[in-house]
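Asks:
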Amino acid sequence: MNDKNKINILKKYSEFINMIIPLLLSVPLMVIEMVTMISGIHLPLYYDWLAFAIATIVIFYFGKEYYKWCIIEIFKYKSIGMSTLITLSTSVSYVYSTYLLIYKTVIFARTGNLPHIMSFYEVGATIIAIVNAGEYIAKKIRDKSNQDINNLSLLLVPKAILFNESKNTYEEVDSSALKINDLVYVKKGTKIPIDGIIYDKPTDVDEALLTGETKSVYKNVGDRVIGGTINLSTDIIIIVKSLQTNSILSSIINNVKKIENSKNKTQRMIDIVAKFFTPVIILSAILAFLLQMFVPNILDISNNSGLFGNVNLDWINGNTWEIRAQKGLYFFIATLTISCPCALGIASPLASLIGISKGAKNGIIFNNSEVFEKIKRINKVVFDKTGTLTTGNLKVSKIIGSTNNLNKIYEMEKISFHPLAKAIVNYCINNNYVKKSNKELSYNFEEIAGVGVYDKKNNEYICSLKYAFEKNFKFENNMEKDYKKYIDSFSNTQLLQVIVVYVKNKMIKNIIFLEDEVREDAIFVIEKFRKMKIDIAMITGDSKENAYNIGNKLNINEIYYEISPNKKANIIKEMQKDNKQIVYVGDGINDLEALKQSDLSFSITQDNESAKSVADVNLVYLNINSIYKAIVIAKQTRIAIITNLIWAFGYNLITVPLAILGFIPAIVGVYIMMLSDITVNINSLIFKFIKVPDAHHNNKKH
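Sequential numbering from 3 applies to the sequence shown in my numbering.
Here it is as structure tokens:
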């Protein structure tokens, strides 16, 4: 066992001791005091001295951190916060109880009679015990939620086998040293070291820890693989498409840390409330004291008029100033005790962390904690088409023009992560149209949103047919006749048709036809959204025919077609004017403006760094079901935050006024505080174990 493991074990052991010993010491005191109050039994003097010893240990040893933080709050941060309230309530109860103990001891020594005055040692000790226990339980819930993230950290692969294709050599290198487009050899049964695409042959991959999918996933040549997942079937070579610092695993780990250190709107509001909470409670406790001092008939305890009238408090009956002061101090302590705000501190952060953890387990990366705020207003989801509603796994079905141009087309397209470009690149690789790569060529290429790839040096384009017509590019030779003949033979009801052209010197040299298909889970997800009263729309740069072909299959009535990237954002802006709160789901560089304009944005790609950085949510598992899961998790998290806050704040709003008026004794206040803490933790645990529903869970008949 190494030193680090020993330290971790000792730390866990110490945390448990810090929780269990105060409980074992203080809970018996609490029970005894409650029984004596109800029964009227008078305890002997030695019990008070035992309570003094126990309270001293619990308050000043196991509760010393609260006293330390109280000093820091007051003298460093110039404020009075949670630790101050805990310190004040425990120290006042301890000091007053000690005064009573000395007084009772002196009287007993002089007269042999023991005054029946109740001390508050059990109150101070139990506060520390309950707060420690609450923090311990909350930490365990946080640790369990963080375990999913820590498991992802373990998936980071430090070493990779670099493959040199020209020399046919293999070299072990640090994964952090890999560059984009490097070739990496991955043995069967080992972890894939970095994000990339399969270069040579298909395999099965275990993505369970990253995507929540328990079954292995078949991956073909050109398919995306994720660093940290396990190659199951055969030795493969992958093309690196992401540096380790920008990998999916790194993104999840870094985002979780970022969100943990950030605060959403709700948490910022809690911080503002908490800033004034302690001063208000202290003033309330002072008010409780003054009421008992100067309004002596506010609560006639002897007539059992309080909520807990069966509690025997005959030791503070009477109307002398001394008795009034004892009464006032008793309910001063009761007010402070009820308000110890340990539940308030964990209500929002704990629920948020569990939500983030649930997302990570289901291949969903929340990029900021504001997602849980934004989700409450969402009433419309707008989808991009290609790669979102469709699979994006395009296949080249026909090429018109000389195949001699395909190597140049390959060189241009391989700089792009767009699904169209990936399909063409894969086609060129699989059909041996790729010559030795010239890396210098790529410096002349530029990807233009809504257009395609442009070779600045040679004035060559790979673009849509629509863009070519807009620029008055002409067909070469008889190519137009071949194009129309193929189009006439194609049935729009079979597959989706996408057309890309290669243009040189303003002449269309090649026409490339690609096939796509609707994602199978899209039907189920859209049906679920409708049941959630969420409207659906689709925006695409594709033709009217293809757009409506998809719309009809998915029962989407609101369709926008042949839309340029900047117009996508304008359409969303118009929707927002109609009081629509928009979720936009996109996957490419042409979606950036729309992602920025939307109220909540989803990136369904792991290739486009710009889209990932703009989006509120990134999806590891590229399907629409993940969008549904992400929205459900965000809604669940928000509900958990709200219910936690209701318990944390609600019981204070009800019980503090009652304590001020003298209806709730101090010992009962401890029980109420404990109940609030337990409720928040149980509510968080329930949220943690609620299963995330699947969009087609109840749609097997389909």
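Backbone N, C-alpha and C fix where the C-beta goes; we use that ideal spot for every residue, glycine too.
Three-state secondary structure (DSSP) at residue 231?
Replies: Stepping through the sequence shown from its first residue, residue 231 is reached at position 229. Residue state, collapsed to three classes: coil.
Asks: What number of angstroms, rounded off, separates the C-alpha of residue 312 from the C-alpha of residue 38?
Replies: Mapped onto the sequence shown, residue 312 falls at position 310. Mapped onto the sequence shown, residue 38 falls at position 36. Confidence in residue 312 is poor, its pLDDT being 43 and thus under 50, which makes the residue's placement unreliable; the coordinate value appears in the next sentence. So the two alpha carbons sit approximately 11 Å from each other.
Asks: Report the three-state DSSP secondary structure of residue 253 (helix, strand or coil).
Replies: Here the question's residue 253 lines up with position 251 in the sequence shown. Note: residue 253 maps to helix in three-state DSSP.
Asks: Over the uninterrupted beta strand (DSSP E) stretch that includes residue 548, give me the two end residues.
Replies: Your numbering for residue 548 matches position 546 in the sequence shown. Counting along the chain, residue 548 falls outside any beta strand (DSSP E), though it belongs to the alpha helix (DSSP H) covering 546–556.
Asks: Starting from residue 174, follow the beta strand (DSSP E) in both directions and report where the run begins and ends.
Replies: Taking the sequence shown and counting its residues from 1, the one referred to as residue 174 is at position 172. Counting along the chain, the beta strand (DSSP E) containing residue 174 begins and ends at 171–176.
Asks: Starting from the C-beta of residue 378, find all residues in its chain whose C-beta is less than 7 Å away, skip the five residues before and the five after it, and write them out in chain order.
Replies: Along the sequence shown, one-based indexing puts residue 378 at 376. Result list for residue 378: 640, in chain order.
Asks: Report yes if the C-beta distance between residue 502 and residue 511 is below 9 Å; otherwise report no.
Replies: Position 500 of the sequence shown, counting from 1, holds the residue named residue 502. Position 509 of the sequence shown, counting from 1, holds the residue named residue 511. No, Cβ-Cβ distance for residue 502 and residue 511 is not below 9 Å.
Asks: Assuming residue 506 and residue 462 are in contact, meaning their beta carbons sit under 8 Å apart, how far apart are those beta carbons, in whole angstroms?
Replies: For the purposes of this step, residue 506 is identified with residue 504 of the sequence shown, where counting begins at 1. For the purposes of this step, residue 462 is identified with residue 460 of the sequence shown, where counting begins at 1. The Cβ separation is near 5 Å, so the contact holds.
Asks: Would you be able to state if there are at least three C-beta pairs under 8 Å between the segment 122–137 and the segment 57–64?
Replies: Flag = yes, the segment 57–64 and the segment 122–137 touch.
Asks: Note down, one range per segment and in chain order, each alpha helix (DSSP H) of at least 4 residues found wholly within the segment 376–432.
Replies: The segment 376–432 contains these whole alpha helix (DSSP H) runs: 408–415, 421–432.
Asks: Nearest by alpha-carbon distance to residue 117: which of 171, 437, 103 is it?
Replies: By one-based count along the sequence shown, residue 117 stands at place 115. Of the candidates 171, 437, 103, the one whose C-alpha sits nearest the C-alpha of residue 117 is 103.
Asks: Please classify residue 540: does DSSP put it in a helix, a strand, or coil?
Replies: Within the sequence shown, the letter at position 538 stands for residue 540. Three-state DSSP puts residue 540 in a strand.
Asks: Would DSSP call residue 730 helix, strand or coil?
Replies: No answer is possible for residue 730: it lies beyond the span of the chain, which begins at 3 and ends at 704.
Asks: Could you please give me the residues that DSSP links to residue 226 through a beta bridge?
Replies: Position 224 of the sequence shown, counting from 1, holds the residue named residue 226. According to DSSP, residue 226 bridges with 199.
Asks: Using the Cβ count rule (16 or more neighbours within 10 Å means buried), how would you classify residue 432?
Replies: Reading the sequence shown from its first residue, position 430 is the one you call residue 432. Per the 10 Å Cβ criterion, exposed.
Asks: Is it right to say residue 302 is buried, meaning 16 or more other beta carbons lie within 10 angstroms of its own, or is it exposed?
Replies: Residue mapping note: residue 302 aligns to position 300 of the sequence shown, counting from 1. Caution applies to residue 302, whose pLDDT of 49 falls short of 50 and renders its modelled position unreliable; the value that the coordinates give is listed next. Exposed: under 16 other Cβ atoms inside 10 Å.
Asks: Quick check: what's the CA-CA separation for residue 351 versus residue 374?
Replies: Position 349 of the sequence shown, counted from the start, is the residue given in the question as residue 351. Position 372 of the sequence shown, counted from the start, is the residue given in the question as residue 374. If you take the alpha carbons of residue 351 and residue 374, they lie about 12 Å apart.
Asks: Are the Cβ atoms of residue 477 and residue 485 separated by less than 9 Å?
Replies: If you number the sequence shown from 1, residue 477 lands on position 475. If you number the sequence shown from 1, residue 485 lands on position 483. Closer than 9 Å, so yes.
Asks: DSSP on residue 183, reduced to helix/strand/coil?
Replies: On the sequence shown, position 181 is the one that residue 183 refers to. In the structure shown, residue 183 sits in coil (DSSP, three-state: anything other than H, G, I, E or B).
Asks: Does the Cβ of residue 282 have 16 or more other Cβ atoms within 10 Å, making it buried, or fewer, making it exposed?
Replies: Looking up residue 282 in the sequence shown gives position 280. Answer is exposed; the Cβ neighbour count stays below 16.
Asks: Residues in the same chain with beta-carbon distance under 7 Å from residue 125, minus the five sequence neighbours each way, listed in chain order, please.
Replies: To locate residue 125, count along the sequence shown from 1; it is residue 123. Excluding sequence neighbours, residue 125 sits near 95, 335, 339, 668, 669, 672.
Asks: Below 9 Å between beta carbons: does that hold for residue 370 and residue 618?
Replies: One-based indexing of the sequence shown puts residue 370 at position 368. One-based indexing of the sequence shown puts residue 618 at position 616. Yes. Within cutoff.
Asks: Does residue 454 come out as helix, strand or coil in the three-state DSSP assignment?
Replies: In the sequence shown, residue 454 corresponds to position 452, counting from 1. In the structure shown, residue 454 sits in a strand (DSSP, three-state: E or B).
Asks: Cβ-heavy atom distance between residue 667 and the ligand PLP below 8 Å?
Replies: The ligand PLP is absent from the structure shown, which contains no ligand whatsoever.
Asks: Report yes if the C-beta distance between residue 197 and residue 392 is below 9 Å; otherwise report no.
Replies: Locating residue 197 in the sequence shown gives position 195, where the first residue counts as 1. Locating residue 392 in the sequence shown gives position 390, where the first residue counts as 1. Taking 9 Å as the Cβ cut-off, residue 197 and residue 392 do not qualify as a contacting pair.
Asks: My guess is that residue 542 and residue 387 are in contact by the Cβ rule of under 8 Å, so how many angstroms apart are they, rounded?
Replies: As a working note, residue 542 is residue 540 in the sequence shown. As a working note, residue 387 is residue 385 in the sequence shown. Their Cβ separation, rounded to whole angstroms, is 4 Å, which keeps residue 542 and residue 387 in contact under 8 Å.
Asks: On the three-pair Cβ rule with 8 Å, is the segment 451–460 touching the segment 411–430?
Replies: With the cut-off at 8 Å, the segment 451–460 and the segment 411–430 touch.
Asks: Can you grab the Cα-Cα spacing for the pair residue 408 / residue 430, in whole Å?
Replies: Numbered from its first residue, the sequence shown carries residue 408 at position 406. Numbered from its first residue, the sequence shown carries residue 430 at position 428. If I take the Cα positions, the gap works out to 7 Å.
Asks: Answer with buried or exposed for residue 649, where buried requires no fewer than 16 other C-beta atoms within 10 angstroms of its C-beta.
Replies: For this step, residue 649 is matched to residue 647 along the sequence shown. The residue in question, residue 649, is buried, as its Cβ has 16 or more Cβ neighbours within 10 Å.
Asks: Pull up the distance between the alpha-carbon of residue 691 and that of residue 623, whole angstroms please.
Replies: Counting from 1 along the sequence shown, the entry for residue 691 is found at position 689. Counting from 1 along the sequence shown, the entry for residue 623 is found at position 621. Near 22 Å, if we compare the C-alpha coordinates of residue 623 and residue 691.
Asks: Let me know if residue 191 comes out buried or exposed under the rule of 16 or more other beta-carbons within 10 Å of its beta-carbon.
Replies: The residue given as residue 191 occupies position 189 in the sequence shown. When all chains shown are included, residue 191 counts as exposed.
Asks: How should residue 42 be labelled, buried or exposed, when 16 other C-beta atoms within 10 angstroms of its C-beta is the threshold for buried?
Replies: What you label residue 42 is simply residue 40 of the sequence shown in a count that begins at 1. Residue 42 comes out exposed.
Asks: Could you name the residues that DSSP lists as bridge partners for residue 603?
Replies: The residue you call residue 603 lines up with position 601 of the sequence shown. In DSSP, residue 603 forms a bridge with 586.
Asks: List the endpoints of the continuous alpha helix (DSSP H) containing residue 568.
Replies: What you label residue 568 is simply residue 566 of the sequence shown in a count that begins at 1. Element bounds for residue 568: 567–579.
Asks: Determine the direct distance from the alpha carbon of residue 435 to that of residue 243, and round the result to whole angstroms.
Replies: As a position in the sequence shown, residue 243 is number 241, starting the count at 1. As a position in the sequence shown, residue 435 is number 433, starting the count at 1. Straight-line Cα distance between these residues: approximately 21 Å.
Asks: DSSP has residue 509 in a bridge; who is on the other side?
Replies: The count along the sequence shown starts at 1 and reaches residue 509 at position 507. 476, 506, per the DSSP bridge assignment.
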